[in-house]
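Going down the list, the protein sequences come from chains V and X. Following this note's numbering, the numbering of the first sequence begins with 1326 at its first residue and continues without gaps. Following this note's numbering, the numbering of the second sequence begins with 2 at its first residue and continues without gaps. All residues carry an ideal CB built from backbone N, CA and C; glycine is no exception.
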Amino acid sequence: MKFGIVRFPGSCDEVDAQLACARLGDAVILWHAERDLRGVDAVVVPGGFSYGDYLRVGAIARFAPVMGEVAEFARAGGLVLGICNGFQVLCEAGLLPGALLPNPSLRFIFRQVELEVARADTPFTRACPPGQRLSIPVKHTTGRFYAPEPELRRLEAAGQVLLRYAPGHNPNGSLRDIAGISNAAGNVFGLMPHPEHAVDPLTGSVDGLSIFASIRDQVADRVPA
Amino acid sequence: MRARVLVKPKAGILDPQGQAVERALPALGFDGVHNVHVGRLIDLDVEDPGRLPEMCERLLTNPLIEDYEIVEVAGQPQGSAA
């Protein structure tokens, strides 16, 4: 199992993501300017401030050379996980529905939140015990998930909402408490909380490992050893 | 052509920046101000203005959350491209 973690100028969570992935398999950094995914089994688009988040969050990063390959990889059914800024990039790239808007408080929010696993039968959540809550930190200024109302209804009906902020834990006014959402095919997933920051007991929670373990299990099922 | 693209949040989308400004104005004695929205403007010299809408749709705005308006600015383009 080989994870690839994209590094843009301005990424800042790619090393934590690499360390998290390295607990479960090999993990290599994919430089934004290269059109080479190095044979990885899954791609992580990490958090940070890609290209300075100039213009809009994620707006410039989607045109990075590596993103063309990531889009191809996704179209072919490859697993792509976007975390925070990575989620914003995938929305801008049209690989995920919706958009992330500024927090109503206009403030940077950094806190541990409780998440409810809405579906534990997907490539990104299958290692989560059903009904279990995940304790994972959020840290962002632009994290309010938005989609027009008809689109929200469609996403709910299609089962694309995988994670929700638990009651009382929605930090940013995300519509329908959506914390993480997948594409229609189910192989691209984005979330605002940072599972890569919750993989070591030293920092209080290891719940984030479930997300990476899910990906590993999914890849293991698909590719016989 | 010297063009100006005006970008603002789509109607109905929560605009916390606009709200913050709207709340701040009365504190300075500017009463009677409503419906404040904060957007951004992008000035650019373009050789083919016909391509501006496509630029707006693909990069300058996110059509899901933003509306835009293209305005021609009087005067000559600046710099070497003129």
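For residue j and residue i, the rounded distance between their alpha carbons
i	j	result
A75 of chain X	F1435 of chain V	46 Å
V1513 of chain V	V34 of chain X	44 Å
M56 of chain X	G1511 of chain V	30 Å
A1483 of chain V	L1420 of chain V	16 Å
W1444 of chain V	A1491 of chain V	Per the sequence shown, residue 1444 of chain V should be read as Arg rather than Trp. Going from the Cα of R1444 of chain V to the Cα of A1491 of chain V covers about 14 Å.
G1515 of chain V	V1382 of chain V	14 Å
I1503 of chain V	D49 of chain X	41 Å
E1352 of chain V	I1330 of chain V	The residue asked about is misnamed: residue 1352 of chain V is Ala in this sequence, not Glu. C-alpha separation (whole angstroms): 7 Å.
E1339 of chain V	W1356 of chain V	11 Å
G40 of chain X	R52 of chain X	22 Å
N1508 of chain V	A21 of chain X	34 Å
A1401 of chain V	A25 of chain X	51 Å
I1461 of chain V	F1537 of chain V	13 Å
A1342 of chain V	I1354 of chain V	10 Å
V37 of chain X	L1415 of chain V	30 Å
L1487 of chain V	D32 of chain X	45 Å
P54 of chain X	V47 of chain X	12 Å
F1328 of chain V	E1397 of chain V	16 Å
Of the listed residues the options, nearest to residue i (C-alpha basis)
i	options	result
V1395 of chain V	V:E1417, V:D1361, V:L1425 and V:I1461	V:D1361
R1479 of chain V	V:Y1376, V:P1496, V:I1506 and V:A1386	V:I1506
F1374 of chain V	V:R1363, V:V1365 and V:A1386	V:A1386
R1489 of chain V	V:L1349, V:L1440, V:K1464 and V:I1330	V:L1440
C1409 of chain V	V:E1476, V:R1363, V:K1464 and V:G1423	V:K1464
S1430 of chain V	V:V1353, V:P1496, V:C1337 and V:P1526	V:P1496
R1332 of chain V	V:A1358, V:L1426, V:A1424 and V:C1346	V:A1358
L65 of chain X	V:F1388, V:L1406, V:A1384 and V:I1330	V:A1384
N63 of chain X	V:P1422, V:G1402 and V:G1393	V:P1422
G1529 of chain V	V:F1398, V:E1397 and V:Q1437	V:Q1437
V1544 of chain V	V:L1527, V:Y1379 and V:V1368	V:V1368
A1523 of chain V	V:F1328, V:C1346, V:S1336 and V:V1370	V:C1346
G1364 of chain V	V:G1403, V:S1535 and V:G1498	V:G1403
V1442 of chain V	V:G1393, V:D1532, V:A1399 and V:F1412	V:D1532
I14 of chain X	V:P1334, V:E1474 and V:L1344	V:E1474
L1372 of chain V	V:L1487, V:L1344, V:G1335 and V:D1525	Checking the displayed sequence, the identity of residue 1372 of chain V turns out to be Gly instead of Leu. Answer by Cα proximity: V:G1335.
Within chain V, the residues that residue i reaches when beta carbons sit closer than 8 Å
i	result
I71 of chain X	Under the 8 Å cutoff, chain V gives no residues; its nearest Cβ is about 16 Å from I71 of chain X.
Sequence-distant residues of its chain with Cβ nearer than 8 Å to residue i (five each side left out)
i	result
S1539 of chain V	T1447, P1448, F1449, T1450, R1451, A1452 and C1453
L1500 of chain V	R1469, F1470, Y1471, A1472 and L1477
L61 of chain X	V6, V8, I43 and Y69
F1433 of chain V	K1464, H1465 and T1466
E67 of chain X	V8, K9, P10, K11 and G40
G1393 of chain V	R1360
Contacts of residue i in chain X (Cβ-Cβ under 9 Å)
i	result
E1624 of chain V	The shown model of chain V, from 1326 to 1550, leaves out residue 1624 of chain V, and the question about it has no answer.
E1417 of chain V	N63
Y1471 of chain V	I14, L15, L65 and I66
Sequence-distant residues of the same chain with beta carbon closer than 7 Å to residue i, five excluded per side
i	result
R1541 of chain V	M1326, L1349 and G1350
Chain V contact residues for residue i, given Cβ-Cβ distances below 9 Å
i	result
N36 of chain X	Those do not exist, as N36 of chain X stays about 17 Å from chain V at its closest Cβ, beyond 9 Å.
A12 of chain X	What A12 of chain X touches in chain V: nothing, since even the nearest Cβ is about 12 Å away.
Q77 of chain X	Simply none; closest approach about 26 Å.
Buried or exposed (CB count within 10 angstroms, at least 16 for buried), residue i
i	result
E1521 of chain V	buried
Q77 of chain X	exposed
D1366 of chain V	buried
Q1457 of chain V	exposed
P1390 of chain V	exposed
L1527 of chain V	exposed
Y1379 of chain V	exposed
I1518 of chain V	Strictly speaking, residue 1518 of chain V in this sequence is Pro, with Ile absent from that position. Buried, since its Cβ has 16 or more Cβ neighbours within 10 Å.
V72 of chain X	exposed
F1546 of chain V	Here residue 1546 of chain V turns out to be Asp, not Phe, going by the sequence shown. Exposed, by the Cβ-count rule.
A12 of chain X	exposed
L29 of chain X	exposed
F1412 of chain V	buried
N1428 of chain V	buried
Neighbourhood of residue i by C-beta, 6 Å cutoff - its chain only, sequence neighbours within 5 removed
i	result
A83 of chain X	With a pLDDT of only 42 at A83 of chain X, under the threshold of 50, the placement of this residue in the model should not be trusted; the figure read from the coordinates follows. Closer than 6 Å at Cβ, skipping near neighbours: Q77.
L45 of chain X	A4
E1417 of chain V	G1383, A1384 and R1387
L1406 of chain V	V1369 and F1514
Q1485 of chain V	I1506 and S1507
D16 of chain X	P10 and H38
G19 of chain X	V37, H38 and V39
Chain-ordered neighbours of residue i on chain V, where CB pairs are closer than 7 Å
i	result
A21 of chain X	L1431
P54 of chain X	Those do not exist, as P54 of chain X stays about 17 Å from chain V at its closest Cβ, beyond 7 Å.
L60 of chain X	A1384
7 Å Cβ cut-off: residues of chain X touching residue i
i	result
P1381 of chain V	It is worth fixing the name first, because residue 1381 of chain V is Arg in this sequence and not Pro. The answer, in chain order, is N63.
Contacts that residue i makes with chain X (C-beta to C-beta distance below 8 Å)
i	result
L1426 of chain V	I14, L15 and I66
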